[in-house]
Each structure stands twice: as structure tokens, then as C-alpha cells.
Amino acid sequence: MTIFEATCSAPVNIAVVKYWGKNPEKIALNLPTNSSLSVTLSQDQLHSKTTIRASADFTSDRLWLNGHEESIEKNKRLVTCLRETRALRASMEDKDAALPKISGLNIHVCSENNFPTAAGLASSASGYACLVYTLAQLFQLPLDASDLSIIARQGSGSACRSMFGGFVAWEMGSKDDGSDSKAVQIAPETHWPDLQAMICVVSDAKKGTSSTEGMQLTVKTSALLQHRIKDVVPKRMEEMIKAIQDKDFPTFADLTMKDSNQFHAVCLDTYPPIFYLNDISRAIIRIVTEYNKDGIKAAYTFDAGPNAVIYAPEKNMAEIYALLSHYFPGHQFDDSLGLLKNNAAPSALPQNFDT
Ligand code: PMV
């Protein structure tokens with residue numbers, strides 16, 4: 611019996627203008643309340659790897675995440691990505707009788723991350739980007755990265771930005787059907803090789819409040835979010851794009867830290883409040899602030915968890931690593947850097963890749 615198979619890997623991205631808030635009237639489409647912007651890390655750092663097989667022998671769709679089987683049906687977002695890509699394949703098969711009929715076959719999905727899942731290290735971004743990219747390979751869909759980002763967005767919002775390497779904006783869009791809420795590349799991975807990222811794993815525990823739950827609660831209860839959406843993010847997106855185009859690190863860093871601070875302020879303004887930072891996260895903020903006192907040399911940012919990502923020019927990284935290792939001798943800081951490499955976007959791996 612023929613087995614159709616594809617294996618791909620996809621990188622994580624770390625936002626410098628954060629996405630936090632889902633449009634309450636468009637929950638099924640997963641549309642954001644503001645645009646956002648991120649840097650895609652090299653796949654040498656954090657990545658997801660996914661193999662999908664389709665066969666007439668399979669009696670149901672099945673999913674394994676990091677070696678454990680999970681229910682596909684309970685995972686509505688994954689079902690959506692599957693439904694969308696299958697429908698596109700089915701319409702190709704309708705038009706071209708020579709194409710193998712694989713849209714109706716059951717599939718087995720096997721996905722793993724090389725880093726802690728759901729610990730605020732963007733695992734859903736790389737995971738869903740990888741899922742959608744692998745489905746697109748399996749079904750041979752003639753779609754570009756922005757088109758695929760629209761499908762990945764419905765899996766996990768931030769996943770749409772992992773469809774590109776380099777510096778990527780997620781434009782929130784204005785159409786009711788979400789067809790213009792997509793990722794676009796601001797600059798490629800080769801644009802600013804001097805900019806590096808350090809991952810500081812403060813805790814690899816699973817986060818207490820999922821981003822979906824947290825965002826919905828924030829939209830319902832936070833007045834500060836409304837100020838952020840209307841008065842802060844639109845201008846900040848423009849300033850951030852310019853700072854990236856100009857490779858202006860002090861401005862990039864200033865905006866990155868302020869945006870991380872405001873995102874966590876919005877979490878605190880949510881009721882009941884959401885806490886993602888812990889004492890070590892706050893100590894890292896103080897150390898970086900002190901390190902920057904005579905001029906900005908590093909930028910911290912935190913997602914929905916206590917782990918820090920520090921962006922800095924390459925020449926400062928050894929010093930920052932030494933500083934953090936001095937204050938937190940037991941912690942793991944990934945200084946194997948290599949932020950912006952050519953393989954930063956999702957890529958297909960050889961078919962017989964060992965999973
Ligand atoms: O894509 P989600 O639903 O996991 O949300 C991600 C939210 C943040 O990581 C906190 C911010 C961002 O823009 O990535």
C-alpha cells in the first residue's frame with residue numbers, strides 16, 4: 611500500500627512587538643486585536659520537526675506530540691488546519707485527474723520540539739508553522755509563505771510569523787474573513803547578521819495560563835489593552851520597522867523592552883491578574899537595565915512565561931553571558947547564538963529522515 615509522506619522543520623520566532631488579544635467577534639478565525647512583529651531564530655536554536663504520513667491503510671487521523679499520542683479531535687485548531695489544507699488538495703484533485711487522490715486519506719502526524727513545550731518559548735509558533743508547512747508539502751499545495759501564514763494563523767496566531775525567516779510582521783488586516791491577516795517579511799535573515807539572540811531558560815515548567823485563555827480574559831477586562839491597541843502599537847510598528855531597516859540597535863532595543871514591559875503590564879491589568887514573570891525574570895530585567903545605563907547594549911523580552919530572550923550585537927554577547935552566569939550560576943543560558951542564518955524559514959527534510 612502506498613504511503614505518502616513529508617517531513618519538515620520550522621523555527622520559533624520571538625516577538626519584539628507582542629501579539630496579545632483576540633478579536634472577540636472572530637474567535638474561530640483567530641484574528642488579533644493588534645499587528646505584531648518578530649524575529650525568527652535560526653533552526654539551529656529552537657525548532658519543531660514534523661512528519662506526516664497519509665495512507666489508505668490508516669483507519670483514523672492520529673497525532674503524536676513529543677512521543678505521546680494525543681487526541682486530534684480535542685485539538686480544534688489542528689483540525690481547522692487539516693480541514694483547510696485538505697479542501698485545497700481536494701479542489702486540485704477535482705481539476706487534475708492525474709493527481710493521486712490523497713485528500714480523502716487518513717493521516718498520522720508525528721511532531722517534536724527540541725526544547726520545552728508550552729513554557730513560553732514559542733513552541734506553538736514553530737509547531738503550527740511546521741504542521742501547516744508539512745501538510746502543504748504532503749499535498750503539494752501551490753501556495754507562497756504569506757498564503758500559508760493565513761492557515762498557520764488559525765492554528766496559533768504567532769505561528770504565521772514563523773513562515774518566514776528574518777524580521778516578520780503579522781499585519782492584523784481589516785477584512786471580515788481574515789484573508790488579509792497574514793505575515794509579511796520586513797527584512798530577510800541576511801539583513802542584520804550582527805544582531806544575536808540568547809535564550810535564558812529560567813524555568814521549563816508548563817505555563818499556568820495558556821495564551822488563548824489569557825488573551826480572552828485580557829480583552830474582556832483590561833482598559834490598558836485598549837490604550838495599547840489604539841495609541842501605542844500602530845506607531846510602535848512603524849518605528850520598529852524603521853529601526854530594523856536602519857539596523858539601529860538602540861532604538862530596536864528601547865522599543866523591544868518597552869513593548870515587553872507593556873505586554874506584562876497588560877497581563878497585570880487583566881482581572882484576575884496574570885503573572886508570567888518570576889523573581890529571576892525581574893532580576894534579569896534589573897541586570898540588563900544596569901548594563902545599559904551608559905548606553906543601550908542589550909534588550910530583554912519575555913513572552914507568556916518567565917524565560918528571557920536577550921537581543922544584542924554579537925560583540926556584547928560574551929559579556930552578557932558572563933554577567934548572567936555570574937548572577938545565576940545554576941541556570942542554562944544558550945549562547946550558541948547563530949540567530950540569523952539562511953535556513954531560518956521552514957524547510958522540507960529528506961523523506962527518510964529519522965523521526
Ligand atoms: O500564538 P500564541 O497564541 O501562542 O500567542 C503568543 C503570544 C506571545 O508569545 C506572548 C506574543 C507573540 O507575539 O508571540
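Residue numbers (my numbering): 611 to 965. Beta carbons: idealized from backbone N, C-alpha and C, even for Gly.
| query | result |
| --- | --- |
| Determine the direct distance from the alpha carbon of R763 to that of W674, and round the result to whole angstroms. | 21 Å |
| Work out the CA separation of L887 and S820 for me, nearest whole Å. | 14 Å |
| Any residue with its Cβ nearer than 5 Å to a heavy atom of ligand 1 should be included. What is that list in chain order? | A625, K628, Y629, S646, S734, S766, G767, S768, S821, D913, A914 |
| Just to check my reading of the structure: I894 and M808 have Cβ atoms closer than 8 Å, yes? What is that Cβ distance to the nearest angstrom? | The pair is not a contact, with the Cβ atoms about 11 Å apart (cut-off 8 Å). |
| Please state the DSSP three-state secondary structure of M808. | strand |
| Less than 8 Å between the beta carbons of G788 and L641, yes or no? | yes |
| Using beta-carbon positions only, say whether D972 and K628 come within less than 8 Å of one another. | In the structure as shown, the chain starts at 611 and stops at 965, and residue 972 therefore has no counterpart that could be examined. |
| Where do the ends of the beta strand (DSSP E) carrying H718 lie? | 716 to 723 |
| How about K792 and S768: are their beta carbons less than 8 Å apart? | no |
| Going along the chain, which residues of its own chain have a beta-carbon closer than 6 Å to the beta-carbon of L827, five neighbours each way excluded? | T880 |
| Identify which residue in F912, H718, A638 has its Cα closest to the Cα of E615. | H718 |
| Out of L748, L751, R771, F749, which one is the CA nearest neighbour of S759? | R771 |
| Can you check DSSP and say which residues form a bridge with I920? | M808, Y910 |
| Can the beta-carbon of C618 be found closer than 8 Å to that of C720? | no |
| Output needed for K857: all residues of its chain with C-beta closer than 6 Å, excluding positions within five of it in sequence on either side, in chain order. | W802 |
| Beta carbon of N724, beta carbon of G737: below 8 Å? | no |
| Is D704 near ligand 2, judged by its Cβ being under 7 Å from some heavy atom? | In terms of ligand content, the structure shown lacks ligand 2 and carries ligand 1 instead. |
| Please name the residue, chosen from F777, K785, A958, that lies closest to L651 on a Cα-to-Cα basis. | F777 |
| Of the choices L639, V829, T660, whose alpha-carbon is the least far from that of N676? | T660 |
| Specify the secondary structure class of F777 as computed by DSSP and reduced to three states. | strand |
| Might you give, ordered along the chain, the residues of its own chain that have their beta carbon closer than 7 Å to the beta carbon of F873, omitting 5 neighbours on each side? | K628, W630 |
| Quickly, what does DSSP pair H657 with across the bridge? List them, please. | P621 |
| Where do the ends of the beta strand (DSSP E) carrying R838 lie? | Segment: none, R838 is in no beta strand (DSSP E) and carries neither H nor E. |
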